[in-house]
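Enquirer: For reference, the structure I am asking about is given below.
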Amino acid sequence: EKEGYDHFMLKEIYEQPRTIRDAMRGRISSKESRVALRGMEEFANRFVRANRIIIVACGTSYHSGLIGEYLIEDLARIPVEVEYASEFRYRNPILSEGDIVIALSQSGETADTLAALELAKKKGAMIYGIVNAVGSSIARLTDAGSYIHAGPEIGVASTKAFTGQVTVLTLLALSLARKLSTISNTYFQTLVRELELIPEKVEEILKENDHIKYIAGEVKDHHNALYLGRGYNFPVALEGALKLKEISYVHAEGYPAAEMKHGPIALIDENMPVYVTATNKSAYDKIVSNVQEVVARKGRVIAIVNKGEKAIAGIADHVIEIPSTEEPLTPLLSVIPMQLLSYHVAVELGKNVDQPRNLAKSVTVE
Ligand code: M6R
């Protein structure tokens, strides 16, 4: 079943060009300048008139939810909040009929997420699911939804479900932006065309596997790691850190790059690998200076940059080049090297990659 791969996680990482394509299939056409999610079309009026969208999820799905927030606010201009399902449920949240609650879940069985949805339903909000497992409890409870069509994900560390969720969230944001006329036709077209190119760009990144494995060998003995990113790449930093923690048991934290100076910078010395994603065009100078601060304190910088980038590549210890794309789509690319890196660190350290200690694939207790 692993089809020649050593682990399910690696197989699932490599499936992503296909699973991202599957998440888009029948839902997008640059030729016809069209994006449509059937589940959403049914309730299009409610979406267009929504006061607010609240996304509830846990773990990796929470991180794709954060990217969803950036996408929907940036492109469709609807206010979005993202909450850990467990916190949402127990803090007496304010909900009204004009709100839409979206649950993100690979398994569709996560107890915290399910309980948050039940509460939202009771309070009269419309509930929408973005789920992988067909016919799962969350898929059955929701008023409508969109499957991500990634196929079974076996590795406990979520990879293809993450990129599938982000793809569907991008389609949702684009289709709302189209209905609400919040972005120009030209920009809409550019994003649609670029989104269709993402699978082949992911393929290109996968070719960097040997180089990433080499970097993993260089960093594997450090006991801590910091992940930094700005804007769309901030949630990716959180996801990179979670991937490293859960399968290699190395302590890692993700931060918005600009927050470093408010505390975490005190941790930086020659024993601290710092993973920086610098593919954004906005605030690029700022991230260059964040990296300079790390270098000045002898931190080891592993930079994920666009091909041909010089300023950061020139001072980083290791550089991973990825193809460029439109900024809202960068998470679909920048997360790939992080998945591979965590995988190789865990393998080098002899850990049980597909079934890390203390963790289950779906968490059905609250
Ligand atoms: O099935 P779900 O997406 O609802 O699962 C949520 C989390 O339990 C899950 O993403 C977990 O954090 C993964 N092990 C992350 O790789």
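Residues 247 to 612 (the UniProt record's numbering) make up the sequence shown, in order. Ideal placement from N, C-alpha and C gives every residue a C-beta, glycine not left out. Because the structure is a prediction, the values reported are computed rather than measured.
Taking only heavy atoms of the ligand M6R into account, decide whether any of them is closer than 7 Å to the Cβ of glycine 407.
Expert: Against the sequence shown, residue 407 aligns to sequence position 161. Reading off the sequence shown, one finds alanine at residue 407, where the question assumed glycine. Because some heavy atom of the ligand M6R lies under 7 Å away, the Cβ of alanine 407 counts as near it: yes.
Enquirer: With three or more beta-carbon pairs closer than 8 Å as the criterion, would you say the segment 452 to 462 touches the segment 527 to 547?
Expert: They do not touch, by the three-pair rule.
Enquirer: In terms of DSSP beta bridges, what is glycine 391 paired with?
Expert: Here residue 391 is taken as the residue at index 145 of the sequence shown, counted from 1. Paired residues: Gly375.
Enquirer: Return the residue from the list Leu417, Ala407, His497 that minimises the CA-CA distance to threonine 306.
Expert: In the sequence shown, counting from the first residue as 1, residue 306 sits at position 60. The residue with the shortest Cα to Cα distance from threonine 306 is Ala407.
Enquirer: Assign threonine 610 to one of three DSSP states: helix, strand, or coil.
Expert: As a working mapping, residue 610 is identified with position 364 in the sequence shown. Of the three classes helix, strand and coil, the one that applies to threonine 610 here is coil, per DSSP.
Enquirer: Going by CA-CA distance only, name the one from Asn291, Gln352, Gly381 that's closest to aspartate 345.
Expert: Here residue 345 is taken as the residue at index 99 of the sequence shown, counted from 1. Among Asn291, Gln352, Gly381, the Cα nearest to that of aspartate 345 belongs to Asn291.
Enquirer: Classify residue 614 as helix, strand or coil using the three-state DSSP reduction.
Expert: Here the chain covers residues 247 to 612 and nothing more, so residue 614 does not appear.
Enquirer: Measure the C-alpha to C-alpha separation of valine 591 and glutamine 262 and round it to an integer number of angstroms.
Expert: The count along the sequence shown starts at 1 and reaches residue 591 at position 345. The count along the sequence shown starts at 1 and reaches residue 262 at position 16. Computed Cα separation, rounded: 20 Å.
Enquirer: So is the beta-carbon of serine 392 under 7 Å away from any non-hydrogen atom of the ligand M6R?
Expert: In the sequence shown, residue 392 corresponds to position 146, counting from 1. For the ligand M6R, not one heavy atom lies less than 7 Å from the Cβ of serine 392.
Enquirer: Tell me, please, whether the segment 311 to 320 touches the segment 402 to 419 by the rule of three or more beta-carbon pairs shorter than 8 Å.
Expert: Output reads yes: the segment 402 to 419 touches the segment 311 to 320.
Enquirer: Let me know the secondary structure DSSP gives tyrosine 473 once reduced to three states.
Expert: Residue numbering aside, residue 473 sits at position 227 when the sequence shown is read from its first letter. Strand at tyrosine 473.
Enquirer: Measuring only from the beta carbon, is glutamine 538 closer than 7 Å to any heavy atom that is part of the ligand M6R?
Expert: Along the sequence shown, read from residue 1 onward, the residue named residue 538 stands at position 292. Flag unset: Cβ of glutamine 538 not near the ligand M6R.
Enquirer: Evaluate tyrosine 336 with the Cβ neighbour count: other Cβ atoms within 10 Å of its Cβ, from every protein chain shown; 16 or more gives buried, anything less gives exposed.
Expert: Reading the sequence shown from its first residue, position 90 is the one you call residue 336. Label assigned to tyrosine 336: exposed.
Enquirer: Between Phe334, Gln435, Tyr260, which has its C-alpha nearest lysine 277's C-alpha?
Expert: What you label residue 277 is simply residue 31 of the sequence shown in a count that begins at 1. The residue with the shortest Cα to Cα distance from lysine 277 is Gln435.
Enquirer: Between the alpha carbons of asparagine 470 and lysine 597, how many angstroms are there, rounded?
Expert: Taking the first residue of the sequence shown as position 1, residue 470 is located at position 224. Taking the first residue of the sequence shown as position 1, residue 597 is located at position 351. Distance between the alpha carbons of asparagine 470 and lysine 597 is about 16 Å.
Enquirer: Which same chain residues, not among the five before or five after serine 392, have their C-beta less than 6 Å away from its C-beta?
Expert: As a first step, residue 392 is located in the sequence shown; it is residue number 146 there, counting from the start. Leu283, Gly285, Ile376, Val414.
Enquirer: Compare the beta carbon distance of threonine 610 and glutamate 364 with 8 Å and say whether it is the shorter of the two.
Expert: Indexing the sequence shown from 1 puts residue 610 at position 364. Indexing the sequence shown from 1 puts residue 364 at position 118. No, these two residues do not count as a Cβ contact at 8 Å.
Enquirer: Name the residue from Ala487, Ser608, Ile266 whose alpha carbon lies nearest to the alpha carbon of leucine 578.
Expert: Mapped onto the sequence shown, residue 578 falls at position 332. When only C-alpha atoms are compared, the closest one is Ile266.
Enquirer: Counting only the same chain and skipping the five closest in sequence on each side, list residues whose C-beta sits under 6 Å from that of aspartate 389.
Expert: Counting from 1 along the sequence shown, the entry for residue 389 is found at position 143. For aspartate 389, where only same-chain residues beyond five positions count, the Cβ hits under 6 Å are Met372, Ile373.
Enquirer: So what's glycine 314 in DSSP terms, helix, strand or just coil?
Expert: The residue given as residue 314 occupies position 68 in the sequence shown. It is helical.
Enquirer: Consult DSSP for histidine 253 and reduce its assignment to one of helix, strand or coil.
Expert: In the sequence shown, counting from the first residue as 1, residue 253 sits at position 7. Histidine 253 falls in the coil class under three-state DSSP.
Enquirer: Which ranges would you report for the beta strand (DSSP E) in the segment 448 to 532 if only whole runs of at least 3 residues count?
Expert: As far as the segment 448 to 532 is concerned, its whole beta strand (DSSP E) runs of at least 3 residues are 470 to 475, 497 to 502, 519 to 524.
Enquirer: Where does alanine 366 land, buried or exposed, given buried means 16+ other C-beta within 10 angstroms?
Expert: Position 120 of the sequence shown holds residue 366. Classification for alanine 366: buried.
Enquirer: Taking the C-alpha atoms as reference points, what is the distance between arginine 603 and aspartate 467?
Expert: If you number the sequence shown from 1, residue 603 lands on position 357. If you number the sequence shown from 1, residue 467 lands on position 221. Near 19 Å, if we compare the C-alpha coordinates of aspartate 467 and arginine 603.
Enquirer: As a quick exercise: from Lys489, Asn338, Ile400, Leu360, pick the residue whose alpha carbon is nearest that of lysine 248.
Expert: Counting from 1 along the sequence shown, the entry for residue 248 is found at position 2. Per the Cα distances, Ile400.
Enquirer: Which term fits alanine 512, buried or exposed, when burial requires 16 or more other beta carbons within 10 angstroms of its beta carbon?
Expert: In the sequence shown, the residue the question calls residue 512 occupies position 266. Alanine 512 should be labelled exposed.
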